[in-house]
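Undergrad: Pasting a structure below so you can have a look.
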Amino acid sequence: MPLNPALKAMFDAQNSPTLIPEGVDPAQMRETVHAMMQENCFAFSVPVPAVATKRDLTIPVDGGKIGARLYRNISGDAILPCHVYYHGGGFIVGALEHFDDVCRRLAGEAGCVVVSVDYRLAPEHRFPIAAEDSYAALLWVVDNAGALGIDPARLSVGGVSAGGGLAAVVAQLARDRKGPPILAQVLDIPVTDFTHAQALSFEDEGITIAPEKGYGPMYLRDEADAHDPRASPLLAVTLADLPPALVICAEYDQLQPEGEAYARRLADAGVPTTYAFWEEQIHGSQTFDRLMPEEAAAYRAQITEFLRNAYADAATPGSTAETMS
280 MPLNPALKAM FDAQNSPTLI PEGVDPAQMR ETVHAMMQEN CFAFSVPVPA
330 VATKRDLTIP VDGGKIGARL YRNISGDAIL PCHVYYHGGG FIVGALEHFD
380 DVCRRLAGEA GCVVVSVDYR LAPEHRFPIA AEDSYAALLW VVDNAGALGI
430 DPARLSVGGV SAGGGLAAVV AQLARDRKGP PILAQVLDIP VTDFTHAQAL
480 SFEDEGITIA PEKGYGPMYL RDEADAHDPR ASPLLAVTLA DLPPALVICA
530 EYDQLQPEGE AYARRLADAG VPTTYAFWEE QIHGSQTFDR LMPEEAAAYR
580 AQITEFLRNA YADAATPGST AETMS
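Take the position in the sequence shown, starting the count at 1, then add 279; the result is the number in the working numbering.
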């Protein structure tokens, strides 16, 4: 289908639609992205109410420590489910504050504690550090469940773009390393395969945003890393025995084919899988409340419903339906 008219108008109005110019060093990249995210939040998103509790955390990891941020929208001592969230940014950029609104909404709408993980970024910290940081954060959350007010038996993981790929990796690592049981995984426009170039082009629609995996040379140490399932979860030997998944893809997104391929492999392996394909949408347009209020609300609602159902079903295993077609 044609690109959503509101998004088409946005691209037509941009003077420089490329996200990050080639040849820019990481520090400049992060400054550019921070400015863009600030501008987009003002121009495209609506204000999000504060949560009852928001506090920064420090998590020890191999070789150092990372930050995280906890969001809780229910006051008191209630023990809540927990969603561990991994932000996007191509493994090179992105920070907790860029996804603050997303996490506040999720904590309020899904009725859970959200722990957003500030994994270390490349090229200063190349693969597999982001993946290992992400898994270490999951373990830390479970080890500190009592102090955090969460129920370790109602645990989910999720993320967007690079973070969606990391969530898929964390689910695999938890299975392979006999880690904490995970109820559900939300893979939102995920990176799942570094071995294939992104072949889709949408320049006819005026979309010339830099490809997410264009950052690969700064993230991966060498070509062999692309074949490691911690970089390319699609290449894992088996996807059996993974948690139920919601995989979300957008029509005008170069990551769509590999996201769909991952959803199909999950379903073929017997994992209850819901695949949501959003026509007319681009990579990351789910936050554009001002441009597309109905679509943005529906996009968020599918995630909220999926998580609420997973948490509610924790007492009745096997009740989640497989909906991949």
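Glycine included, each C-beta is placed from N, C-alpha and C at the ideal position.
Between the alpha carbons of Pro496 and Gly387, how many angstroms are there, rounded?
TA: Working through the sequence shown from its first residue, we reach residue 496 at position 217. Working through the sequence shown from its first residue, we reach residue 387 at position 108. Looking at the two C-alpha atoms, the distance is approximately 38 angstroms.
Undergrad: Going by C-alpha distance, which of Ile353, Phe370, Val448, Ala401 is nearest Val363?
TA: The residue labelled residue 363 in the question sits at position 84 within the sequence shown. The residue with the shortest Cα to Cα distance from Val363 is Val448.
Undergrad: Mapping the DSSP letters down to three states, classify Phe378 as helix, strand or coil.
TA: Residue 378 sits at position 99 when you count from the first residue of the sequence shown. Note: Phe378 maps to helix in three-state DSSP.
Undergrad: Do Ala589 and Pro523 have their C-beta atoms within less than 8 angstroms of each other?
TA: Here residue 589 refers to the residue found at position 310 when the sequence shown is read from its first residue. Here residue 523 refers to the residue found at position 244 when the sequence shown is read from its first residue. Cβ distance < 8 angstroms, so Ala589 and Pro523 count as in contact.
Undergrad: When the Cβ atoms of the segment 335-352 are set against those of the segment 418-431, are three or more pairs found closer than 8 angstroms?
TA: Contact between the segment 335-352 and the segment 418-431 is present, because at least three Cβ pairs lie under 8 angstroms.
Undergrad: Quick check: what's the CA-CA separation for Thr311 versus Asp304?
TA: Your numbering for residue 311 matches position 32 in the sequence shown. Your numbering for residue 304 matches position 25 in the sequence shown. C-alpha separation (whole angstroms): 11 angstroms.
Undergrad: What residues in its chain sit with their C-beta under 7 angstroms from that of Leu518, if we drop five residues either side in the sequence?
TA: Start at 1 with the first residue of the sequence shown, and residue 518 comes out as number 239. Once the five neighbours on either side are set aside, the close Cβ partners of Leu518 are Arg544, Leu545, Ala548, Val550.
Undergrad: Within the same chain, show all residues whose beta-carbon is closer than 6 angstroms to that of Phe556, passing over the 5 residues directly before and after it, in chain order.
TA: Within the sequence shown, residue 556 is the residue found at index 277, counting from 1. Cys528.
Undergrad: Considering only C-alpha positions, which residue in the set Val436, Asp379, Ala416, Val393 is nearest to Gly428?
TA: Start at 1 with the first residue of the sequence shown, and residue 428 comes out as number 149. Of the candidates Val436, Asp379, Ala416, Val393, the one whose C-alpha sits nearest the C-alpha of Gly428 is Val393.
Undergrad: The ligand NAD heavy atoms versus the CB of Phe567: any closer than 7 angstroms?
TA: You won't find the ligand NAD in this model; it holds no ligand whatsoever.
Undergrad: Can you tell me where the beta strand (DSSP E) holding Leu630 begins and where it ends?
TA: This structure cannot settle anything about residue 630, because the visible part of the chain is limited to 280 through 604.
Undergrad: Closest to Lys333 by C-alpha separation, out of Glu558, Leu452, Cys382, would be which residue?
TA: Position 54 of the sequence shown, counted from the first residue, corresponds to residue 333. It is Cys382 whose Cα lies nearest to the Cα of Lys333.
Undergrad: From the DSSP output, in three-state form, read off Val420 for me.
TA: What you label residue 420 is simply residue 141 of the sequence shown in a count that begins at 1. Val420 falls in the helix class under three-state DSSP.
Undergrad: Do Leu336 and Ile371 have their C-beta atoms closer together than 8 angstroms?
TA: For this step, residue 336 is matched to residue 57 along the sequence shown. For this step, residue 371 is matched to residue 92 along the sequence shown. Cβ atoms of Leu336 and Ile371: not closer than 8 angstroms.
Undergrad: Using 8 angstroms as the threshold, is the C-beta distance between Ser511 and Thr471 below it?
TA: Taking the sequence shown and counting its residues from 1, the one referred to as residue 511 is at position 232. Taking the sequence shown and counting its residues from 1, the one referred to as residue 471 is at position 192. Their beta carbons are under 8 angstroms apart, which means Ser511 touches Thr471 by this criterion.
Undergrad: Alpha carbon to alpha carbon, how far is Leu513 from Asp467? Give it in angstroms, no decimals.
TA: The residue labelled residue 467 in the question sits at position 188 within the sequence shown. The residue labelled residue 513 in the question sits at position 234 within the sequence shown. C-alpha separation (whole angstroms): 15 angstroms.
Undergrad: Which stretch, first to last residue, makes up the alpha helix (DSSP H) that contains Gln451?
TA: Counted from its first residue, the sequence shown places residue 451 at position 172. Element bounds for Gln451: 441-455.
Undergrad: For Met571, count neighbouring Cβ atoms within 10 angstroms of its own Cβ and tell me buried if that reaches 16, exposed if not.
TA: Indexing the sequence shown from 1 puts residue 571 at position 292. Counting Cβ neighbours within 10 Å, Met571 comes out buried, since at least 16 surround it.
Undergrad: Between Ile358, Ala580, Thr474, Glu502, which lies nearest to Pro536 when the distance is taken from Cα to Cα?
TA: Residue 536 sits at position 257 when you count from the first residue of the sequence shown. Of the candidates Ile358, Ala580, Thr474, Glu502, the one whose C-alpha sits nearest the C-alpha of Pro536 is Thr474.
Undergrad: To the nearest angstrom, report how far apart Glu558 and Tyr531 are at their CA atoms.
TA: Here residue 558 refers to the residue found at position 279 of the sequence shown. Here residue 531 refers to the residue found at position 252 of the sequence shown. Cα to Cα, Glu558 sits roughly 8 angstroms from Tyr531.
Undergrad: Determine whether the beta carbon atoms of Asp380 and Val327 lie at a separation below 8 angstroms.
TA: Indexing the sequence shown from 1 puts residue 380 at position 101. Indexing the sequence shown from 1 puts residue 327 at position 48. In contact: Asp380 and Val327 (Cβ atoms closer than 8 angstroms).
Undergrad: Using beta carbons (cut-off 8 angstroms, strictly below), is Gly538 in contact with chain D?
TA: Going by chain labels, chain D is absent from the structure shown, which holds only one protein chain.
Undergrad: Give me the residue from Leu434, Gly425, Pro339, Glu411 with the minimum Cα distance to Asp592.
TA: If you number the sequence shown from 1, residue 592 lands on position 313. Cα-wise, what sits closest to Asp592 is Leu434.
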